[in-house]
Amino acid sequence: MNTQIIAIANQKGGVGKTTTCANLGIGLAQAGKKVLLIDGDPQGSLTISLGNPQPDKLPFTLSDAMGKILMDQPIRPGEGILHHAEGVDLMPADIQLSGMEVSLVNAMSRETILRQYLDTLKGQYSHILIDCQPSLGMLTVNALAAANRIIIPVQAEYLPAKGLEQLLSTVNKVKRQINPKLQIDGILLTMVDNRTNFAKEIAALLRDTYGSKIRIFGTEIPHSVRAKEISAEGKSIFAHDPGGKVAEGYRNLTDFYPEIQTQDEQAAWELGGKGYLAIQFCEDGWDYTLYHSDYSVMDGGQLDAPELTIQEAREQILEAHHMEKGRRLLQDYDAVMDKVAEAEELSADHRPSTLEKLAALASDTPAPKSSARSAPEL
Numbered sequence: 001m002n003t004q005i006i007a008i009a010n011q012k013g014g015v016g017k018t019t020t021c022a023n024l025g026i027g028l029a030q031a032g033k034k035v036l037l038i039d040g041d042p043q044g045s046l047t048i049s050l051g052n053p054q055p056d057k058l059p060f061t062l063s064d065a066m067g068k069i070l071m072d073q074p075i076r077p078g079e080g081i082l083h084h085a086e087g088v089d090l091m092p093a094d095i096q097l098s099g100m101e102v103s104l105v106n107a108m109s110r111e112t113i114l115r116q117y118l119d120t121l122k123g124q125y126s127h128i129l130i131d132c133q134p135s136l137g138m139l140t141v142n143a144l145a146a147a148n149r150i151i152i153p154v155q156a157e158y159l160p161a162k163g164l165e166q167l168l169s170t171v172n173k174v175k176r177q178i179n180p181k182l183q184i185d186g187i188l189l190t191m192v193d194n195r196t197n198f199a200k201e202i203a204a205l206l207r208d209t210y211g212s213k214i215r216i217f218g219t220e221i222p223h224s225v226r227a228k229e230i231s232a233e234g235k236s237i238f239a240h241d242p243g244g245k246v247a248e249g250y251r252n253l254t255d256f257y258p259e260i261q262t263q264d265e266q267a268a269w270e271l272g273g274k275g276y277l278a279i280q281f282c283e284d285g286w287d288y289t290l291y292h293s294d295y296s297v298m299d300g301g302q303l304d305a306p307e308l309t310i311q312e313a314r315e316q317i318l319e320a321h322h323m324e325k326g327r328r329l330l331q332d333y334d335a336v337m338d339k340v341a342e343a344e345e346l347s348a349d350h351r352p353s354t355l356e357k358l359a360a361l362a363s364d365t366p367a368p369k370s371s372a373r374s375a376p377e378l
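The sequence shown begins at 1 in full-length UniProt numbering and counts up by one.
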C-alpha cells in the first residue's frame with residue numbers, strides 16, 4: 001500500500017489545523033481509506049477533540065514512540081494507537097511532547113525521528129495525517145521531513161494570511177535540505193465569514209500573491225459556531241452537524257482530494273495570457289504541449305527526467321522555451337484538453353478538403369483559404 005503522509009501545517013494558531021486534520025481524515029475513512037491521524041502538538045488538541053479529554057493519563061503517546069526511536073528500542077505493532085468510532089486510528093499526544101522537542105535539539109538525525117517512526121507504519125495505512133503544532137520548531141520540521149504533502153489552512157483574515165511567507169520559506173528549506181519529495185497540495189481558506197467582503201478580499205489577495213505557484217483550494221470552510229462545538233463532543237462535523245455548511249465544505253475537500261494525487265501526474269496551467277502548458281507523466285519522463293491562447297498547438301516534446309516533480313518539470317519546460325516569467329494559474333487538465341479538442345474540430349471544419357485542393361490544382365485557381373483564426377504571436 002502506497003502511504004500518503006500529509007502534514008496539516010501553519011505556524012499561526014487558531015486557523016483550523018486540528019479541525020481540518022480530524023475532518024479530512026474521517027472523510028477519507030468514510031470514503032474507504034485506511035487512515036491514521038498523528039497528533040503532533042503537545043497541547044493534544046487533536047487527541048482531545050477525538051474524545052480523549054485527559055491525554056496526560058494515556059499510557060502511550062507520540063512522545064513515547066519518538067523516545068523509543070531515539071533510544072533504538074523496538075515498538076510493538078499498534079503500540080499506543082487508539083481507534084475512533086468514526087473509522088480512523090489516532091496516535092495521541094500529551095504535554096510530554098514538549099520535552100521531546102527539547103531532546104531532539106542535540107539528537108543525531110534530529111529532523112527525521114518522526115519519519116523513522118512512521119516508516120514502521122507504512123503499508124498499514126493509505127493516508128497518515130499529521131496535525132502540526134502552531135510553530136516552526138523541531139516538531140514541525142520533523143513533520144515536514146516525514147510528509148510528502150502539505151495542506152496549509154489559513155483563516156480568512158489579514159494577519160494569518162500575512163504570516164504565510166515564513167512557513168513557505170521553512171517548507172522550501174526542508175525540501176532543499178531534507179525531504180525533496182515534499183510538495184504543497186494547497187492553501188485552504190478556513191473560518192470564512194461570507195457576510196463580509198473582507199474574506200473575499202483576502203481570498204483574492206492570496207490568489208494574486210500565490211496562485212501562480214500554489215493551489216488555492218476552491219473549497220472554503222465557512223465560519224460556524226457548530227464547528228467549535230465538535231471538540232467537546234469528541235466527534236467529527238459529519239456526525240455532529242451533517243447537514244451544515246462546514247460539513248459540506250469538508251465533504252467537498254474530501255471528494256476533491258483524490259484528484260490532487262491525479263494532478264501529480266498530469267496538470268495544465270494558463271500562462272498569464274500567453275497561452276497554456278499541459279504536462280503528463282510518461283514512462284521516460286514528462287510529455288508536454290504548449291498551446292496558444294486559442295488552444296492551437298504552439299510546441300511540444302518530452303522532458304526525459306522522470307525523477308522531477310510535475311512542478312519542477314513545468315519550470316524546466318518554461319525556461320527551455322524562454323517563458324520563465326509571468327503568472328502560472330493552475331487549470332483543470334480535462335477542461336483544457338476539451339478546449340483543445342474543440343479548437344481542432346473547428347479548424348478541421350474550415351480546412352479545405354482534398355477534393356477542393358485537387359479541383360483547385362486542376363483549374364489553376366487557389367484553394368479556399370481556411371477561415372480559422374491565425375494563431376496570435378507571443
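All C-beta atoms, glycine included, are put in the ideal place defined by N, C-alpha and C. Here the structure is a predicted model, which is why all the values come from computation and not from measurement.
If residue i and residue j are in contact, beta carbons under 8 Å, what's the gap, nearest whole angstrom?
i              : j              : result
valine 340     : tyrosine 288   : No, valine 340 and tyrosine 288 are not in contact; Cβ-Cβ is about 13 Å, not under 8 Å.
asparagine 142 : glutamate 111  : 6 Å
aspartate 131  : leucine 46     : 4 Å
isoleucine 214 : isoleucine 6   : With 8 Å as the limit, isoleucine 214 and isoleucine 6 do not qualify as a contact, their Cβ atoms being about 15 Å apart.
leucine 189    : valine 171     : So it is not a contact: roughly 18 Å between Cβ atoms.
leucine 70     : leucine 37     : So it is not a contact: roughly 22 Å between Cβ atoms.
leucine 129    : cysteine 21    : 5 Å
glycine 80     : threonine 61   : 6 Å
aspartate 294  : alanine 335    : Not really, about 15 Å apart at Cβ, beyond 8 Å.
arginine 327   : glycine 272    : 4 Å
alanine 156    : isoleucine 202 : 5 Å
leucine 144    : asparagine 179 : 7 Å
First and last residue of the beta strand (DSSP E) that includes residue i?
i              : result
leucine 136    : Element bounds for leucine 136: n/a, residue is neither H nor E.
tyrosine 295   : Element bounds for tyrosine 295: n/a, residue is neither H nor E.
arginine 314   : Arginine 314 -> not in any beta strand (DSSP E); alpha helix (DSSP H) instead, spanning 310-320.
aspartate 39   : 35-40
isoleucine 151 : 149-155
Would the beta-carbon of residue i fall within 8 Å of that of residue j?
i              : j              : result
alanine 227    : threonine 19   : yes
glycine 186    : proline 222    : no
proline 92     : proline 55     : yes
threonine 254  : leucine 28     : yes
tyrosine 125   : threonine 3    : yes
glycine 275    : leucine 303    : no
alanine 247    : tyrosine 333   : no
methionine 323 : alanine 278    : no
glutamine 11   : glutamine 177  : no
isoleucine 26  : glutamate 86   : yes
serine 63      : glutamine 30   : no
proline 42     : serine 98      : yes
valine 192     : glutamate 220  : yes
asparagine 23  : isoleucine 216 : no
glycine 211    : leucine 329    : yes
glycine 16     : leucine 139    : no
aspartate 94   : glycine 44     : yes
valine 88      : valine 35      : yes
leucine 121    : alanine 146    : no
residue 388    : glycine 244    : Summary: the structure shown does not reach residue 388, with the chain confined to residues 1 through 378, and so no result is reported for it.
glutamine 280  : glutamate 265  : yes
histidine 127  : lysine 33      : yes
isoleucine 8   : proline 153    : yes
Over the uninterrupted alpha helix (DSSP H) stretch that includes residue i, give me the two end residues.
i                 : result
phenylalanine 281 : First-last for phenylalanine 281: 276-282, but that is the beta strand (DSSP E), not the alpha helix (DSSP H).
aspartate 119     : 113-119
glutamate 101     : 96-104
alanine 65        : 62-70
alanine 85        : First-last for alanine 85: undefined, no H or E at that position.
alanine 268       : Not the alpha helix (DSSP H): alanine 268 falls in the beta strand (DSSP E), residues 266-270.
serine 45         : 45-49
isoleucine 237    : 237-240
With which residues is residue i paired in a DSSP beta bridge?
i              : result
glutamine 30   : DSSP lists no partner for glutamine 30.
cysteine 132   : Gly40
leucine 330    : Trp269
glutamine 4    : His127
methionine 337 : Per DSSP, none; premise fails for methionine 337.
methionine 91  : Ile38
leucine 303    : Trp286
lysine 17      : DSSP lists no partner for lysine 17.
Does any heavy atom of the ligand ZN sit closer than 7 Å to the C-beta of residue i?
i             : result
asparagine 52 : Of the ligands one can find in the structure shown there are none, so the ligand ZN has no counterpart to examine.
Looking at the C-beta of residue i, does it have a partner C-beta in chain D at a distance below 8 Å?
i             : result
aspartate 304 : In summary, chain D is missing from the structure at hand, where a single protein chain is found.
3 or more residues per run - each beta strand (DSSP E) lying fully within the segment 168-224: 183-190
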